[in-house]
Amino acid sequence: MVRIIGILIGLFFSGWLLISAGMGAVEYISNPPAKTAEQLFLEEPKEVSYTSDGPLGKFDRQQLQRGFQVYKEVCSACHSLRLVAFRNLEEIGYNEDEVKAIAANWSIGVPDADPNTGEMTTRPGLPADKFPLPFANDIAARAANNNAIPPDLSLMTKAREGGAPYVYSLLTGYTDPPANLPDANKPGPGLHYNPYFATLNLAMAPPLAVADQVSYSDGTKASIDQMSKDVSAFLIWTAEPKLEARHQAGWAVLAFLLIATILAYLSYRTIWADVKAEKKKKIS
Ligand code: HEC
971 MVRIIGILIG LFFSGWLLIS AGMGAVEYIS NPPAKTAEQL FLEEPKEVSY TSDGPLGKFD
1031 RQQLQRGFQV YKEVCSACHS LRLVAFRNLE EIGYNEDEVK AIAANWSIGV PDADPNTGEM
1091 TTRPGLPADK FPLPFANDIA ARAANNNAIP PDLSLMTKAR EGGAPYVYSL LTGYTDPPAN
1151 LPDANKPGPG LHYNPYFATL NLAMAPPLAV ADQVSYSDGT KASIDQMSKD VSAFLIWTAE
1211 PKLEARHQAG WAVLAFLLIA TILAYLSYRT IWADVKAEKK KKIS
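In our numbering, the protein residues as written are 971 to 1254.
Right, dumping it as structure tokens:
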């Protein structure tokens, strides 16, 4: 008797659950939840190709130098590159003297203690120094940037889904908000509409706003598009300076595996050669 009552109660509850699940599903299908403005207006990063793409990709050092110039003259006013040292620039084609000069002439000094008084001062940069931070701390960074902290760019192309094309799209993607954008999603004071940014509005004013904002020494025309491509390519390098070595190691490993497979197959043939020959003899 107790068992039957137990079964009945179980059936009752499972029936209840089934019915409510079914009703929920019907409700969801007949009356789907409204899409958020982000879902409607957010755009996928644009298609853009870099010489470092693909398994054979290599950096275009000329482009990386142009990208560095854009970082130095524009982005470094707000964004740090805390994982990169001046001497790393030798990897993108600057020689030792050029690196020394870049470090010594950097617009922000490196924090240091005065050897006599112990008070904090700054000194000119040295090749071994990391790029100095543009703001003393997060509070100063927020105060200067409409309450948003400009993130460090060292690993940006790895940190964001979309990588370098995302950075490129963000830089070239500023537009006027579309007319049908809900009021709640219109850019507030100090914010700028950009359909590539997750919340559609960001606190960074378009940093590359006019052509020829930097003047390239290699004669490349500094259109907004070109500068954005170059600086995003430079950020691929800062995030993965050993990309070329990784690509090469990949091919070396594949070649090794291929040779090892052939050798293994040949030795298999040699080792079993006698056994096979005997087997054949027995059968015939
Ligand atoms: C005047 C200061 C300023 C300058 C100059 C500037 N940025 Fe920014 N940047 C910001 C601020 C502030 C944010 C944070 C925005 C936010 O979270 O709303 C930001 C955010 C970003 C982001 C992150 C977006 C994300 O997904 O979180 C990237 C990438 C970026 N900037 C790249 C650049 C590049 C490249 C340059 C140089 C061409 C540059 N910025 C120049 C202030 C600046």
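Where a beta carbon is used, it is the ideal one built from N, C-alpha and C, also for glycine.
(request) Could you name the residues of the same chain whose beta carbon sits closer than 8 Å to that of arginine 1052, not counting the 5 residues immediately before and after it, in chain order? (result) Lys1100, Phe1101, Leu1103, Asp1122, Ser1124
(request) Go through the region 985-1067 residue by residue and report every complete run of the beta strand (DSSP E) that reaches 3 residues or more, in order. (result) none
(message) Determine whether the beta carbon atoms of aspartate 1188 and glutamine 1033 lie at a separation below 7 Å.
(response) no
(request) Kindly examine the ligand HEC and report whether one of its heavy atoms sits closer than 6 Å to the Cβ of proline 1172. (result) Here residue 1172 turns out to be leucine, not proline, going by the sequence shown. Yes, the beta carbon of leucine 1172 sits closer than 6 Å to at least one heavy atom of the ligand HEC.
(request) Name the residue from Lys1191, Ala1219, Ala1209, Gly1037 whose alpha carbon lies nearest to the alpha carbon of arginine 1130. (result) Put simply, of Lys1191, Ala1219, Ala1209, Gly1037 the residue whose alpha carbon is nearest the alpha carbon of arginine 1130 is Ala1209.
(message) In the DSSP output, which residue or residues are listed as bridge partners for tyrosine 1144?
(response) BP columns for tyrosine 1144 are empty, so no partner.
(request) Measure the alpha-carbon distance for lysine 1212 versus proline 1097 and round it to whole angstroms. (result) 19 Å
(message) Going by the DSSP bridge assignment, what does aspartate 1082 pair with across the sheet?
(response) Thr1091
(message) So glutamate 1061 and valine 1069 are supposed to be a Cβ contact under 8 Å. How far apart are they, rounded?
(response) No, glutamate 1061 and valine 1069 are not in contact; Cβ-Cβ is about 10 Å, not under 8 Å.
(request) Inspect the CB distances between the region 1085-1096 and the region 1106-1116 and report whether three or more fall short of 8 Å. (result) no
(request) Measuring alpha carbon to alpha carbon, tell me which of Cys1048, Ile1072, His1049 ends up nearest arginine 1057. (result) Ile1072
(message) When you measure from the CB of asparagine 1150 to every non-hydrogen atom of the ligand HEC, does any distance come out below 6 Å?
(response) no
(request) For glycine 1220, count neighbouring Cβ atoms within 10 angstroms of its own Cβ and tell me buried if that reaches 16, exposed if not. (result) exposed
(message) Between which residues of its own chain and proline 1177 is the CB-CB distance below 6 Å, once the five residues before and five after are set aside?
(response) Val1044
(request) Using only alpha-carbon positions, find the residue among Ser1139, His1049, Arg1216, Asn1116 that is nearest to serine 1019. (result) Ser1139
(message) Less than 6 Å separating the Cβ of proline 1177 from some heavy atom of the ligand HEC?
(response) yes
(message) Just checking asparagine 915 against the ligand HEC - is the residue's beta carbon closer than 6 Å to any of the ligand's heavy atoms?
(response) The structure shown does not extend to residue 915, since the chain spans only 971 to 1254, so no value can be given for it.
(message) Taking its Cβ as the centre, do 16 or more other Cβ atoms sit within 10 Å of serine 1134, making it buried, or is it exposed?
(response) A small correction: the amino acid at residue 1134 is alanine; serine does not occupy that position in the sequence shown. By the 10 Å Cβ count, alanine 1134 comes out buried.
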